[in-house]
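Residue numbers (the working numbering), protein chains in the order written: chain A, 73 to 120; chain B, 485 to 1207.
Heads up, the beta-carbon is just placed ideally off N, CA and C, and yes, glycines get one too.
Model, not experiment: these values are computed from the prediction.
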Amino acid sequence: MIACAVCMQAQSGAAVNGLHAAVLTLVVVTVVVLAGFGRFVIRVARRQ
Amino acid sequence: MRASSVFSRDHKVVGLQYGITSLLFLLIGFALVLLIRWQLAHVGVAAPWLMHLVGQTNAPGGIMAPEFYNQLGAMHGTIMVFLAVVPLAVGAFGNYLIPLMLGAPDMAFPRLNMLSYWIYLVAGLVMLTSFVLPGGAANSGWTSYPPLSIIATTGQTWWLCGMFLLIVSSLFSSINIITTILQLRAPGMRMMDLPFFVWAQLVTSFLLLLAFPPLQGAAILQLMDRLAHTSFFLPTGLMVSDKMLNISGGGSPILWQHLFWFLGHPEVYVLILPAFGIVAHVISNETRKPLWGQRLMVYATLFMGFMSFLVWAHHMFLTGMGPTMSGFFQVTTMIISIPSVIIVTGLLLSLYGGSIRFTVPMMFALAFLPMFGLGGLTGLPLGLAATDIPLHDTYYVVGHFHYVVAPGTLFALFAGIYYWFPRITGKKLNDTLGVVHFWGSLIGMNGIFLPMLIQGLAGVNRRLYDGGLSYQHAASLAHLNRGQFYSAIFLGVVQLVFIGNFIRTLMKRRDADDNPWSATTLEWSVPRPANHHAPIPFTTSARHDTGVSNVTLGFWLFLASEVMLFGAMFSAYALLRVSADSWPHGRFVLNGSMALANTLLLLVAAVTAWLARQLGPKVERSGYLWVSIVASLGFIAVKVFEFRAEVVAGMLPRTSTFFATYFTLTGLHAVHVIGAIAAAVWILATTKRVTEAITVGRLKCLVLYWGLVEIVWLAILGAVYLT
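Okay, here's the thing in structure tokens:
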């Protein structure tokens, strides 16, 4: 892979797809963790 | 001074240690910026004093070397953000005030609290020491973008090690603060009864907990690139000084930006949320009325915390991520401006109808509002790709960011120092000197940062060693640099007034009453000094409204940070794999039978740890724990054989991005298995010295930890070995 901002302005291609996969992975992990915290917060709120 | 007071676990002592240390770092960071501003205002002017001050290497003939200028820029940003402002806002104010505001005896984990401070201090010293290394300190910007940071001098390695330690310290601190707030509230104190300051600290700690681990992962990868010659961040065909680097290539510099900004943007809220909390507290007291819409502000803070994890790529529009991705991040960025507006509006409306007292802390708090507003509003064009692309590499960004952090956050922190100084010392800082400090800081900071916005809109690039003299469009604005330099000097003089006031007040006899601001909040009602040593409640027993003990909650928080760490590593794996021209199939290249053996060993280790947790009699429990330890040691032994065979066969981390990923992921996982072994041995060794409840609590944590280690291994197995 050759890093080139101009090439990467393309809508598709390996570099862009790679970045999409990375972002998606991190977003999914983050949302799952935050959802876990959300569940805990709701539990605390209900017990109060 | 006794060792017990230096290595104190008292939250007030730890808070003060954080406060003094971070103020010293603030001073050092400011000293660096004076040198930067001097250089930009006096390009090519020889100054003998500079050579005497920083040495012949850094300023040959009294003219600052470009390499040294880069070090100043990188270290100024690093010191100010990571070593000064955040530790002051969270470590100092959080540690000192949260237990007092909650009616708690101390932080939930006092020993961890002490440890977090000392690790922070070591991290800071590691970073500062790098100035005396050959090649000097890190010089690739505070963002450490590769490939520059990979080929940089040794100072960058120290920067990474310092950052790694800083993240560990930050994780300890955030686990402590979250657990303290959720578990140690006074009986009957509901979450919505908490002061807004405490809410701001709670959300800030969540951001630190979850946003820092990806940078920790990124630091590991960059250390691998620098020390093991892997190519996580280095693309194929990279030329340096007309020579092609002898590397495998296949990596991506964008990967670093992706992981750095995942921390970097929540970090902005880490900087600003505690400031909101302090300002809200001061405004509420100095208007003699409750905050307007506190509940709404709390919801806005929570929403801001959640959304701050979904905006990071707006720092990367220039990399070209395609319109779909950039569209998503533009929308989330615009959305996150809404809670900021709600909070600032709430603070403004809180002034309405109030009996306002223009005390020194109130003056800083009031100035915070328009200054932060200016910083926030100038950020909107940077959240949209069309306007960000021409502005991104200009001084406009520097001006925007500094308005948020300097007359924004720092003003709030000064407000806090003036406000709580009598609570801490029993002495009130001099008002006249405080007013001089306030007006001088307001004028000085605007004198530095306002011209930056003008320079940026004219297209003057940031990071220019000559202040833009070599560019026609920038040269016409170069005179502004001189005004900024004089403003910086003025600002420095005004800070001397503050330092003088600080020391003078500390040295004089106690003159303030216990509550000079007539405050009604809980932290003022505790007698000063409040050295109560009541036992920490809920260490092993569950609190009724959270349903968990301190240890269990703290451990779950730790696991959440670990999930984020491995999430970032798998995110890196996804980027490298999907964007690779070719990616070997692990099942053909790696040793599948050893992986299968290790899977079975891990399973045995986890199940026996679980059985030890389930069983009551100590003899049986010890037996199961020993089996767990032996199985884990077997896993490590197999891993060592596997690595050795691969290295002998010439499959090294530097061979390809695939092997770099394989060695790093499995190596990091193996470190966690070693952690489990150490934990099991520790539980066995201490079981006779602690109560049954404590041992059971520890075993519960061990089982949870094994759950994480198992899940990560299965993910590695699927992603690396079997595909």
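Chain B within 8 Å of residue i, Cβ atoms only
| i | result |
| --- | --- |
| Thr102 of chain A | yes |
| Arg119 of chain A | yes |
| Leu106 of chain A | yes |
Limits of the alpha helix (DSSP H) - the one that residue i falls within
| i | result |
| --- | --- |
| Tyr604 of chain B | 594-613 |
| Asn623 of chain B | Per DSSP, Asn623 of chain B belongs to no alpha helix (DSSP H) and is neither H nor E. |
| Leu1074 of chain B | Neither: Leu1074 of chain B is in no alpha helix (DSSP H) and is coded neither H nor E. |
| Ile901 of chain B | 895-909 |
| Arg994 of chain B | It is not in any alpha helix (DSSP H) - Arg994 of chain B carries neither H nor E in the DSSP assignment. |
| Trp533 of chain B | 532-538 |
| Gln640 of chain B | 639-667 |
| His957 of chain B | 956-959 |
| Leu586 of chain B | 577-586 |
| Asp709 of chain B | 680-711 |
| Arg115 of chain A | 86-119 |
| Ile932 of chain B | 915-941 |
| Ile822 of chain B | 807-835 |
| Thr871 of chain B | 869-875 |
| Ser1063 of chain B | 1034-1063 |
| Lys496 of chain B | 495-525 |
| Ala851 of chain B | 844-863 |
| Pro589 of chain B | It is not in any alpha helix (DSSP H) - Pro589 of chain B carries neither H nor E in the DSSP assignment. |
| Phe885 of chain B | 879-888 |
| His560 of chain B | 550-562 |
| Trp1008 of chain B | 1006-1009 |
CB contact below 8 Å: residue i versus chain A
| i | result |
| --- | --- |
| Ile738 of chain B | yes |
| His1156 of chain B | no |
| Ala1129 of chain B | no |
| His1028 of chain B | yes |
| Val724 of chain B | no |
| Leu866 of chain B | no |
| Phe696 of chain B | no |
| Ala797 of chain B | yes |
| Ala1144 of chain B | no |
| Met805 of chain B | yes |
| Arg1071 of chain B | no |
| Thr674 of chain B | For the record, residue 674 of chain B in the displayed sequence is Arg; it is not Thr. Yes, Arg674 of chain B lies at the interface with chain A (some Cβ there is under 8 Å from its Cβ). |
| Gly1191 of chain B | no |
| Phe852 of chain B | no |
| Val1174 of chain B | no |
| Val752 of chain B | no |
| Leu586 of chain B | no |
| Val570 of chain B | no |
| His560 of chain B | no |
| Phe746 of chain B | yes |
| Met818 of chain B | no |
| Met708 of chain B | no |
Buried or exposed by the 16-neighbour rule on C-beta atoms within 10 Å, applied to residue i
| i | result |
| --- | --- |
| Gly672 of chain B | exposed |
| Gly545 of chain B | exposed |
| Met73 of chain A | At Met73 of chain A the pLDDT is 45, less than 50, meaning the model places this residue with poor confidence and gives no usable figure here. |
| Glu1176 of chain B | exposed |
| Ser1066 of chain B | exposed |
| Asn430 of chain B | Here chain B has residues from 485 to 1207 only, and residue 430 of chain B is not among them. |
| Gly776 of chain B | Note on identity: in this sequence residue 776 of chain B is Trp, with Gly being the wrong assignment. So Trp776 of chain B counts as buried. |
| Ile822 of chain B | exposed |
| Leu433 of chain B | There is no way to answer for residue 433 of chain B, as the model of chain B reaches only from 485 to 1207. |
| Ala75 of chain A | Residue placement at Ala75 of chain A is poorly supported in this model, since its pLDDT is 49, which falls under 50; the coordinates still yield a value, given next. Its Cβ being crowded by 16 or more others within 10 Å, Ala75 of chain A is buried. |
| Tyr836 of chain B | exposed |
| Pro807 of chain B | exposed |
| Val1204 of chain B | buried |
Neighbour list for residue i in chain E, Cβ cutoff strictly below 8 Å
| i | result |
| --- | --- |
| Arg111 of chain A | Given the protein chain composition of this structure (A and B), no chain E is represented. |
Listed from N- to C-terminal order along the chain, which residues in the region 1051-1069 of chain B have their beta-carbon within a distance smaller than 9 Å of any beta-carbon of chain A?
-> Taking 9 Å as the Cβ-Cβ cut-off against chain A, the residues of the region 1051-1069 of chain B that qualify are Gly1051, Ala1052, Phe1054, Ser1055, Ala1056, Tyr1057, Ala1058, Leu1059, Leu1060, Arg1061, Val1062, Ser1063, Ala1064, Asp1065.
Chain-ordered residues of the region 86-100 of chain A with a beta carbon less than 9 Å from chain B | Here the close residues are Ala86, Ala87, Val88, Asn89, Gly90, Leu91, His92, Ala93, Ala94, Val95, Leu96, Thr97, Leu98, Val99, Val100.
Ranges of the alpha helix (DSSP H) found wholly within the region 1138-1175 of chain B, counting only runs of at least 4 = With a minimum length of 4 residues, the continuous alpha helix (DSSP H) runs that stay inside the region 1138-1175 of chain B are 1141-1170.
Residue ranges of each alpha helix (DSSP H) within the region 744-803 of chain B, 4 or longer = For the region 744-803 of chain B, whole alpha helix (DSSP H) runs of length 4 or above, ordered along the chain, are 778-791.
Give, in chain order, every unbroken run of the alpha helix (DSSP H) that is at least 4 residues long and sits entirely within the region 1075-1140 of chain B.
-> Correct list: 1076-1098, 1102-1132.
Could you run through the region 770-798 of chain B and flag, in chain order, every residue whose CB is less than 8 Å away from some CB of chain A?
-> In summary, the residues of the region 770-798 of chain B whose CB is separated from some CB of chain A by less than 8 Å are Phe790, Phe793, Leu794, Ala797, in the order they occur in the chain.
Going along the region 1029-1047 of chain B in order, which residues come within less than 7 Å of chain A, judged by CB to CB distance?
-> Look at the region 1029-1047 of chain B: the residues with a C-beta under 7 Å from a C-beta of chain A are Asp1029, Thr1030, Gly1031, Ala1044, Val1047.
Taking Cβ-Cβ distances below 9 Å as the criterion, which residues of the region 917-939 of chain B are in contact with chain A?
-> Hits within the stretch: zero.
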